[in-house]
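Quick mapping for you: the protein sequence lines, in order, are chains A and B. Residue numbers for the first sequence follow my numbering, so the first one is 333 and each next one is one higher. Residue numbers for the second sequence follow my numbering, so the first one is 187 and each next one is one higher. First the structure, in the form of structure tokens, and then the observations on it.
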Amino acid sequence: MQHDHYPDSYIRGILNTVKTIAMVGVSANTSRPSYFAFKYLLERNFRMVPVNPVLAGQELLGQRIYAEVGDIPEPVDMVDIFRSSRHALVIVRKALAMKPRPQVIWMQLGIRNDEAAALAEQNGLKVVMNRCPKIEYGRLSSEIGWMGVNTRTLTSKRAQLFGRGIQRMALNRVTLAGGTTKESQ
Amino acid sequence: MTDRIPGFATLAIHAGAQPDPTTGARATPIYQTTSFVFEDVDQAASLFGLQTFGNVYTRIGNPTNAVLEERVAALEGGTAGLAVASGHAAQVIVMHCLMRPGDEFVASKKLYGGSINQFNHAFKNFGWNVVWAEPDDIKSFERAVSPKTKAIFVESIANPGGVITDLEAVGRIAKNAGVPFVVDNTLATPYLCKPIDYGADIVVHSLTKFLGGHGNSIGGLIVDGGTFNWSREKRYPMLTEPRPEYHGIVFHETFGNFAFAIACRMLALRDIGAALSPFNAFLILTGIETLPLRIQLHCDNAMAVAQWLKSHDAVAWVSYPGLAGDRYYNLAKKYVPKGAGSVFTFGLKGGYDAGVKLVSNVRLFSHLANIGDTRSLIIHPASTTHRQLTDAQKTEAGAGPDVVRLSIGLEDKDDIIADLQQALAV
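In structure tokens, the structure reads:
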């Protein structure tokens with residue numbers, strides 16, 4: 333997989349498949365992206381597991397915080413890395429030691445570590461780098477269009493409502509394949 | 187299914203729009219509402235804190251306007267857009283996000299007269315100091331850059347017409363200076379030229395002109411090219427410093443390559459208040475659906491009129507870059523190969539008085555201060571739009587006493603030419 337840009341089908345496939353996401357580097361500070369991306373995905377019915385050694389043992393939005401991915405006592409489908417690029421390799425090694433192994437390593441917007449990505453891919457994991465799953469969910473569901481963002485998706489099909497709440501859209505939207513996107517487009 | 191990128195005409199009709207999720211309405215509904223109910227206090231807090239996507243209040247965003255924003259962003263190849271009340275409002279909002287009092291920006295001397303006024307007067311009151319450069323002397327942009335420079339501003343095709351800016355050359359100067367390159371693409375529209383392909387970081391539009399295209403709605407739009415690295419430059423605190431009005435959110439870190447568009451919305455439009463009416467957004471969206479068809483016909487008609495004028499005895503000169511031999515012909519071939527737009531100027535041998543007489547004698551052309559309408563328009567800038575400029579500024583802006591500006595419409599070209607013929611013969 334090259335990581336300069338991704339097909340929509342690849343990103344949508346991942347977000348439609350994973351159920352449990354461990355977010356490494358969550359923050360309890362409500363103005364940090366590592367707090368509100370967690371909250372947003374939780375509200376979109378992902379099972380969210382917060383990871384942060386400093387906050388271990390506490391709860392974030394009702395979810396118990398673990399110090400390491402290896403401490404999580406349940407299977408995790410995706411590890412979302414909210415740490416700087418230089419920490420990514422160590423986190424991938426820890427993720428690969430999990431039993432069962434997660435299927436996806438996701439590195440947040442601004443984070444890219446090609447060595448860590450290669451290691452994960454050699455072990456059969458899918459990798460996304462320099463993206464935010466909240467932004468990608470918003471883009472592919474079309475929610476982010478309300479902010480004037482170019483979703484780079486087209487459709488003549490009615491978008492699906494999320495099913496509860498106001499101004500929430502579902503991810504299973506049918507679109508004309510929009511080509512590949514770079515960065516957080 | 188293979189991923190394919192839709193073509194321009196497809197984007198002009200579809201980008202940003204989809205059948206309404208609750209009613210199935212296929213055309214974009216006009217969400218003529220001031221406000222949007224909250225799910226609960228928690229969702230309200232998330233919306234106000236920029237932590238989730240959604241609509242709150244039409245001064246900040248509206249679903250009809252959002253379709254327009256995404257539409258134009260897609261046509262320009264940008265990451266996001268922001269629709270505002272007018273092209274002038276777009277310029278205020280862009281500069282509000284880039285400039286601090288005492289800062290400078292470099293702007294081409296060849297601009298819409300209204301922009302020259304805005305930069306010389308209103309912006310100076312804010313302490314945003316314009317330094318003028320000459321588009322025919324690219325080095326003059328380099329010379330104008332100082333440590334206080336925060337942006338470089340040009341028009342792709344400059345109003346009142348006839349000047350094609352060498353975008354790539356100016357874009358390189360902006361890149362070397364580490365400042366965003368802001369291009370007003372109103373006269374070209376993305377059908378003729380996509381400035382982001384030539385180094386623009388931010389594109390602004392007066393939607394009032396060719397994008398709306400029907401002379402019925404004032405509007406403006408900002409497109410974020412997603413190309414400028416705000417965090418590297420660290421000279422733009424709106425993008426890289428924690429914002430106290432949003433509990434310390436850092437825009438570039440949070441919104442990545444569409445951070446500038448979000449800053450324009452949440453830090454500038456929210457506080458400046460120049461919001462676009464959803465009804466105007468709807469009319470402009472309808473106009474954009476036929477953009478490729480209209481602009482090509484505008485250009486073809488303009489070329490025919492320019493050629494006809496060139497051979498007329500009362501005409502001293504015609505400044506249309508589509509004409510072979512025009513000073514901007516080669517730049518037009520490079521930047522606007524499908525046509526040089528439909529706004530251009532020509533000079534009357536009879537000078538100021540002949541200009542006044544011509545605008546009085548036309549019967550099909552409308553004498554008014556707009557461009558980019560389905561209708562053919564005429565104006566004598568020296569006596570109207572550029573009246574407030576000094577004589578030297580008028581000539582520098584291409585609006586000397588003998589100059590007449592045309593905006594060629596979509597009528598039959600023979601009728602357009604016949605009207606000029608009778609008016610020049612009187």
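Virtual Cβ for every residue (Gly too), placed ideally from N, Cα, C.
Query, Result
"Where do the N-terminal and C-terminal ends of the alpha helix (DSSP H) with residue 602 of chain B fall, by residue?", "599 to 611"
"For residue 209 of chain B and residue 215 of chain B, I'd like the C-alpha separation in whole angstroms.", "10 Å"
"Between residue 256 of chain B and chain A, is the shortest Cβ-Cβ distance under 9 Å, so that the two count as touching?", "yes"
"Going by DSSP in three states, residue 462 of chain B sits in which element: helix, strand or coil?", "coil"
"Between the Cα of residue 373 of chain A and those of A/464, A/507, A/489 and A/478, spot the shortest distance and give me the residue it belongs to.", "A/464"
"Out of A/460, A/491 and A/496, state which residue places its alpha-carbon closest to the alpha-carbon of residue 341 of chain A.", "A/460"
"Helix, strand or coil for residue 265 of chain B, going by three-state DSSP, please let me know.", "coil"
"Interface residues of chain A around residue 200 of chain B at Cβ under 7 Å?", "486"
"Can you tell me the Cα-Cα spacing of residue 453 of chain A and residue 437 of chain A, whole angstroms?", "9 Å"
"Can you give me the Cβ contacts of residue 295 of chain B inside the same chain, cut-off strictly under 6 Å, excluding the 5 residues immediately before and after it?", "318, 320 and 582"
"Count the other CB atoms, across all protein chains shown, that sit within 10 Å of the CB of residue 218 of chain B; report buried if there are 16 or more and exposed otherwise.", "exposed"
"Would you kindly check if the distance between the Cβ of residue 412 of chain A and the Cβ of residue 531 of chain A is under 9 Å?", "Only positions 333 to 517 of chain A appear in this structure, which leaves residue 531 of chain A out of reach."
"Whose CA, out of B/612, B/288 and B/279, lies closest to the CA of residue 547 of chain B?", "B/612"
"With a cut-off of 9 Å, does the C-beta of residue 516 of chain A fall near any C-beta of chain B?", "Bear in mind that the predicted position of residue 516 of chain A carries a pLDDT of just 44, short of 50, making it unreliable; the figure below should be weighed with that in mind. Yes, because at least one Cβ of chain B sits closer than 9 Å to the Cβ of residue 516 of chain A."
"Identify, in the order they occur along the chain, each residue of the same chain with its Cβ nearer than 6 Å to the Cβ of residue 266 of chain B, setting aside the five sequence neighbours on each side.", "259, 410, 444 and 447"
"For residue 495 of chain B, which residues from the same chain have a beta carbon less than 6 Å from its beta carbon, with the 5 sequence-adjacent residues on both sides left out?", "501, 504 and 532"
"DSSP puts residue 530 of chain B in a beta bridge; with which residues?", "B/592"
"Pick from A/458, A/481 and A/449: whose alpha carbon is nearest that of residue 407 of chain B?", "A/481"
"Strictly under 9 Å for the Cβ-Cβ distance: is residue 549 of chain B near chain A by that measure?", "no"
"Quick one, which residues of the segment 265 to 280 of chain B are near chain A if we go by CB-CB under 9 Å, in chain order?", "265, 266, 267, 268 and 269"
"Applying a beta-carbon distance threshold of less than 8 Å, which residues of chain A neighbour residue 207 of chain B?", "490, 491, 492, 493 and 501"
"Grab me the residues of residue 445 of chain A's own chain with a C-beta within less than 7 Å of its C-beta, minus the 5 sequence neighbours each way, in chain order.", "417, 420, 421 and 439"
"Name the residues in the segment 414 to 427 of chain B whose C-beta lies less than 8 Å from a C-beta of chain A; which are they?", "none"
"Could one say the Cβ of residue 187 of chain B lies closer than 9 Å to chain A's Cβ atoms, at least one of them?", "Low confidence applies here, because residue 187 of chain B scores a pLDDT of 44, under 50, leaving its location unreliable and the question unanswered by this model."
"Excluding sequence positions up to five away, which residues of its chain have a Cβ less than 8 Å from the Cβ of residue 388 of chain A?", "397, 398, 399 and 403"
"How is residue 545 of chain B classed by DSSP in three states: helix, strand or coil?", "helix"
"Do you know how far the Cα of residue 221 of chain B is from the Cα of residue 241 of chain B?", "8 Å"
"With a cut-off of 8 Å, do at least 3 Cβ pairs link the segment 339 to 355 of chain A to the segment 464 to 474 of chain A?", "yes"
"Once the 5 residues before and after residue 330 of chain B are set aside, which same chain residues still bring their CB inside 8 Å of it?", "292, 317, 318 and 319"
"Using the beta-carbon of each residue, which ones in chain B are nearer than 7 Å to residue 483 of chain A?", "256"
"What number of angstroms, rounded off, separates the C-alpha of residue 517 of chain A from the C-alpha of residue 472 of chain A?", "Because the pLDDT at residue 517 of chain A is just 42, under 50, the model does not fix this residue reliably, and the point stays unresolved."
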